[in-house]
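Residues 1 to 712 in the UniProt record's numbering are what the sequence shown spells out, letter by letter.
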Amino acid sequence: GLGRGMGGTGRRAGPDPVRSFERWKKKYTKRKNKLRLQQKQRKRPEWEVEREGIARLEQRYPEIKPNEIERFSDFPLSKKTLKGLQEAQYRMVTEIQRQTIGLSLQGKDVLGAAKTGSGKTLAFIIPALERLYRQQWTSMDGLGVLIISPTRELAYQTFEVLRKVGKNHEFSAGLIIGGKDLKQEANKIHHINILICTPGRLLQHMDETSYFHASDLQMLILDEADRILDMGFADTMNAIIENLPKKRQTLLFSATQTKSVKDLARLSLKDPEYVWVHEKAKFSTPATLDQNYIVCGLQQKINMLYSFLRSHLNKKSIVFYASCKEVQYLFRVFCRLRPGIPILALHGKQQQMKRMEVYNDFVRKKSAVLFATDVAARGLDFPAVNWVIQFDCPEDANTYIHRVGRTARYKEGGEALLVLLPSEEKGMVHQLSQRKVPVNEIKINPEKLVDVQKKMQAFLAQDQELKERAQRCFVSYLRSVYLMKNKEVFDVFKLPLAEYAHSLGLAVAPRVRFLQKAQKQLSVNESLEGKSHPKGTGQCEDACSLASNEEVEERGTHFEEKISTVQRMKGEGRKEEPEEKELPSKVIDKESDESEELSEEEEVPSINKIPKAESINFLEDDDDDFRDLDLLTVKRQNVFGLEAKDLAVLVSVFWFVQYQVCTPASNFYGNLFAAWGWGVLQPHCPELQAEGWGPVQSSGAGVLWSWGWGPA
């Protein structure tokens, strides 16, 4: 009461805040100093702390149960790898990853097979990163992981995935592929921890780069092993494996299990674990993939494709062709036709930087069409592809599976369309059914087809280069069909060649020399066996036959039978010698470019051709788009078919041009001779011989000019 009476509030006086703060500060400082002392006492090297973490991870490896794994975080992985996976938006595992990552972490060799688009890339990249992490690998330790891919594009794609997932690690990674500077690669290759490469380039460095070695290699990874062997790298792979240490871990991944893959596995793997996740699956292709096929005449395929693209402007599609020359020609034509959607082209004859540019451009676009050969059919991961159109029938069911694998990846949806000719339908559908590939036939509505043949003819009439590409496209497609092994599906003699040429915009079917030779050989064989020609043979013979002498003479051209020029000159005399004109450079390039090069009958140049005596090489690369512009390449060939005895006395080709040259000292009018080819130039002008001209002499006002090898 006294307190209240004295005007107080009735509250008890509290502690002094200044003294309380000083007391708290003293206590906090004491605790902080104690923690600092403890940390200083416990401080150890980072590698030692990391080693303890690695030991804890290794203790969990035997406890991995694949059936219980749903996310990458369920695996005993390092924090750096998990962080990279999370930042790259990889969270859920696929079946091949669930079954193989645990085995790989345990140090076992693995032979894994799964459908395309099932996530095999991460199935070997994650174990590779973890293997080097457990070894605490540094750039000073050299090469630790070697990843071999069949193509440059797949190697580049694997490298990009590695950069995303492994960016938190301190390892160095390198991409070694053809088309790059070999010396520049050699200067950096010895600092690389994870090397991604193609077989040919790797073997080249093993042979030529003295300080490149793989003596400390920890892991060898073969991606798309079946494709590596299909491309003819079996001997290269044997040579590479022989130069690698025996004590290593090997992972081999493939989309199919073939005999050659199993042979390679026996050579490179030790007691491997076989993982074939879709061995008992009902179908060989993803369940989310809708697969259809149409039967279309060869002459209607381009109209069908154009109409399809016009009706799918907001989709992302890949169109597969049989050869590079088809891609090159149809890409240019469709760019002029302007279907209303961006069009890109990817094939094996592009420069490496161009191929990477096209790949990245197509990945970035939301809607586009990619014209491609099978270089894009294996392993490449194009995100969000809606349609895969196989414009040309694949070689077999395996090729079909890899092509359609560019869509419906990682459990996403997709659609595939296979375009078959009537002669291909029965055999190809039977092959697909045997490989458990469900395809349904759909019909084309003829009323919705847009005819672009007249536009293409107009393009070719205005552009000679485009016309030449159309001719090469024609021959290239025929040769791809001719070289197919399964003749029950691919019969080149059943193709309507004239109609196909018209569909490409050509007025007449170009001449196909290798096909004519094959036709003659077939006729001889059947005459010996007493059998008649197969169905369609007569049609092909008419379309592919060489122009007769009467037809050529109508166009101002004269073709002779295959006789030596010496016999012609001796028999006909000098006055009846036909005048030989210089070959245009484009014709020279064609003759040197391909053994089966062509020309349209109405485009035969006005010269006297002397047929070539050279063999036809059916296995020559029909996709060689880089023509040799060096005329010496032509000269090295016996392009005129002369015998050795004829070459000794006669120049292969003569071109006489008279120029009247009046000199002050003489009224003599000289002659200008041009000789192109081999041999010795023998003057055939009595006027010059009378003036004292000889094979190696020149006097007066005459001029003798020899271009080529040999004295003139």
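Every residue gets a Cβ at the ideal spot worked out from N, C-alpha and C, and that includes glycine.
Looking at the backbone, the Cα of G405 and that of K167 are separated by about 28 angstroms. With contacts defined as CB atoms closer than 8 angstroms, R201 and I176 qualify as a contacting pair. Going by DSSP, A368 is part of the beta strand (DSSP E) stretching over A368 to A372. The beta carbon of A234 sits closer than 6 angstroms to none of the beta carbons in its chain outside the five residues before and after it. Contiguous beta strand (DSSP E) elements confined to the stretch 147-192 occur at 173-176, taking only those with 3 or more residues. Collapsing the DSSP output to three states places D491 in coil. With fewer than three CB-CB distances shorter than 8 angstroms, the stretch 489-502 does not count as touching the stretch 317-324. Under DSSP, T250 forms a beta bridge with L220.
Under the criterion of beta carbons closer than 8 angstroms, E153 and L370 do not qualify as touching, at roughly 12 angstroms. Between E46 and P62, the alpha-carbon positions lie close to 26 angstroms from each other. C-alpha of Q464 to C-alpha of K443: approximately 37 angstroms in a straight line.
By the criterion of a C-beta distance shorter than 7 angstroms, H191 is surrounded in its chain by S139 and S172, once the five residues flanking it on both sides are discounted. DSSP assignment within the stretch 404-472 yields the following whole alpha helix (DSSP H) runs of 4 residues or more, N-terminal first: 422-434 and 453-462. The Cβ neighbour count for V110, taken over all protein chains shown within 10 Å, is at least 16; the residue is labelled buried.
Under a 10 Å Cβ-count criterion, G119 is classified as buried, with 16 or more other Cβ atoms of the shown protein chains found around its own Cβ. Between Q97 and A123, the beta carbon gap of about 5 angstroms places them in contact (Cβ cut-off 8 angstroms). For V508, the closest of G232, F283 and Y500 by C-alpha to C-alpha distance is Y500. Judged by their CB atoms, T151 and V388 are not nearer to each other than the 8 angstroms cut-off.
Looking at the DSSP output, I343 bridges to V369.
Collapsing the DSSP output to three states places M92 in a strand.
Distance from the CA of L132 to the CA of G348, rounded to the nearest whole angstrom, comes to 34 angstroms. Beta-bridge analysis with DSSP links V388 to I318 and A416. In this structure, V489 sits near E424, with a CB-CB distance shorter than 8 angstroms. Per the Cβ contact rule, the stretch 295-308 is in contact with the stretch 421-436 (3 or more Cβ pairs under 8 angstroms). Between V165 and L267 a beta carbon distance of about 29 angstroms is seen, past the 8 angstroms cut, so the two are scored as non-contacting. With a contact defined as Cβ atoms closer than 8 angstroms, L220 and T250 qualify at about 5 angstroms. DSSP places N292 inside the beta strand (DSSP E), whose first and last residues are L289 to V295.
About 13 angstroms separates the CB atoms of I147 and I126; that is not less than 8 angstroms, and the two are not in contact. For D181, the number of other beta carbons within 10 angstroms of its own is below 16, and it is reported as exposed. Looking at K183, T258 and L217, the one whose alpha-carbon comes closest to that of N193 is L217.
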